[in-house]
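Just so you know, the sequences run in chain order A and B.
Position one of the first sequence corresponds to residue 10 (our numbering), numbered consecutively onward.
Position one of the second sequence corresponds to residue 10 (our numbering), numbered consecutively onward.
Where a beta carbon is used, it is the ideal one built from N, C-alpha and C, also for glycine.
Number of protein chains: 2
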Amino acid sequence: MTPHVDVVNIAEKLRQFGEHWQPKIVGELNDSFVKLVKFQGEFVWHHHDAEDELFLIVKGSMRMRLRDRDLIVRPGEFVIIPRGVEHMPVADEEAHVLLFEPKTTLNTGNVSNERTVPKLERI
Amino acid sequence: MTPHVDVVNIAEKLRQFGEHWQPKIVGELNDSFVKLVKFQGEFVWHHHDAEDELFLIVKGSMRMRLRDRDLIVRPGEFVIIPRGVEHMPVADEEAHVLLFEPKTTLNTGNVSNERTVPKLERI
């Protein structure tokens with residue numbers, strides 16, 4: 010039998026949790042994780058020294074604040090934040106987001122505070 | 010100004026091409042590309058020696074044939090095919106698919122034939 014090959018339904022995974030800003034691992038490939046997360050309100054300004062991050066909006070919309078401008082990201086759209094670029098995700102209403110990033114990525118990047126989630130749950 | 014940070018609208022990118030089985034690069038992060046591709050009909054049996062591949066269905070549905078079973082993958086669902094696992098994508102009707110895979114990944118993996126696309130277009 011072929012191991013570890015399963016179809017993942019994104020909406021079904023999103024129904025399994027309600028917390029905001031706590032990414033859940035839903036897939037793993039090469040050196041990266043696929044994560045799902047729910048955003049609401051403001052996160053924290055941070056950057057990642059060595060990792061580029063992809064944010065794909067599944068539901069709702071988000072504002073990705075950069076130091077010189079804001080980007081609005083809507084369902085069916087994604088944005089890639091390159092390493093070193095300071096950013097702050099903001100969601101005025103709840104947004105459901107798929108993340109694609111290296112396994113080493115910490116959600117708050119260079120910042121450590123009450124929003125930091127060092128060990129992510131797999132669902 | 011913060012460079013190279015743009016929102017990508019998946020549907021808009023998909024409107025820019027019509028060919029089947031010719032992945033287009035729409036994003037780049039870390040060692041990977043984000044690609045969009047349209048499937049119709051049967052592809053070829055192949056595997057990738059050193060790369061895991063993610064297929065996220067945007068529109069339509071696909072059947073991912075494995076040697077011991079078939080997986081149906083629908084919009085809002087994804088499947089990760091680990092390195093070494095033989096697979097053949099099949100789409101009875103046209104399917105639009107987002108791929109996430111290492112930059113080194115060749116679409117036909119270990120096989121080289123008329124379906125092989127050695128140099129991918131960026132859109």
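Euclidean distance between Cα positions of residue i and residue j
i        : j        : result
A/Gly69  : A/Glu103 : 6 angstroms
B/Lys17  : A/Glu86  : First, the amino acid is wrong: residue 17 of chain B is Val here, not Lys. Distance between the alpha carbons of B/Val17 and A/Glu86: 5 angstroms.
B/Ile81  : B/Asn39  : 30 angstroms
A/Asn119 : B/Phe64  : 31 angstroms
A/Val67  : A/Leu107 : 7 angstroms
A/Glu21  : B/Gln25  : 31 angstroms
A/Gln49  : A/Asp101 : 6 angstroms
A/Glu28  : A/Leu129 : 13 angstroms
A/Arg72  : A/Pro111 : 22 angstroms
B/Val126 : B/Gln31  : 7 angstroms
A/Glu37  : A/Ile19  : 14 angstroms
A/Pro84  : B/Arg78  : 32 angstroms
Residue i: contacting residues in chain A (beta-carbon distance under 7 angstroms)
i       : result
B/Leu45 : By Cβ distance, chain A contributes nothing, its closest Cβ being about 11 angstroms from B/Leu45, past 7 angstroms.
Interface partners of residue i on chain B, CB under 7 angstroms
i        : result
A/His13  : Pro91
A/Glu60  : Asn39
A/Leu129 : Within chain B, no residue comes near A/Leu129; the closest Cβ sits about 17 angstroms away, beyond 7 angstroms.
A/Val82  : Val16
Identified DSSP bridge partners for residue i
i        : result
A/Asn122 : Looking at the DSSP assignment, A/Asn122 forms no beta bridge with any residue, so it has no partner.
A/Lys47  : A/His105
A/Ile66  : A/Val106
A/Asn18  : B/Glu86
B/Val35  : Looking at the DSSP assignment, B/Val35 forms no beta bridge with any residue, so it has no partner.
A/Val99  : A/Glu51, A/Arg72
B/Arg131 : B/Ile34
B/Leu80  : B/Met73
Chain-order list of residues whose beta-carbon lies under 6 angstroms from that of residue i (same chain, five-residue window excluded)
i       : result
A/His55 : Thr117, Gly118, Asn119, Val120
A/Glu51 : Val99
B/Arg76 : Glu95
Close Cβ partners of residue i (< 7 angstroms) along its chain, the five nearest in sequence each way excluded
i       : result
A/Arg74 : His96, Met97, Val99
A/Val53 : Met97, Thr117, Val120, Asn122, Arg124
B/Glu60 : Arg92, Glu110, Pro111, Thr113, Thr114
Cut-off 8 angstroms between Cβ atoms - residues of its own chain near residue i, not counting five sequence neighbours on either side
i       : result
B/Gly93 : His56, His57, Asp58
A/Ile34 : Phe42, Val43, Lys44, Leu129, Glu130, Arg131, Ile132
B/Val88 : Leu63, Phe64, Met73, Leu80, Val82
Which of the residues in the segment 86-100 of chain B, read from start to end, lie with their CB under 9 angstroms from any CB of chain A? Of all residues in the segment 86-100 of chain B, the ones placed with a Cβ closer than 9 angstroms to any Cβ belonging to chain A are Glu86, Phe87, Val88, Ile89, Ile90, Pro91, Arg92, Val94, Glu95, His96, in chain order.
Listed in chain order, which residues of the segment 106-118 of chain B have Cβ atoms closer than 7 angstroms to some Cβ of chain A? Correct list: Phe109, Pro111.
Interface residues of the segment 17-38 of chain B facing chain A [CB-CB below 7 angstroms]: Residues of the segment 17-38 of chain B with a C-beta atom less than 7 angstroms from some C-beta of chain A are Val17, Asn18, Ile19, Ala20, Gly36, Leu38, listed in chain order.
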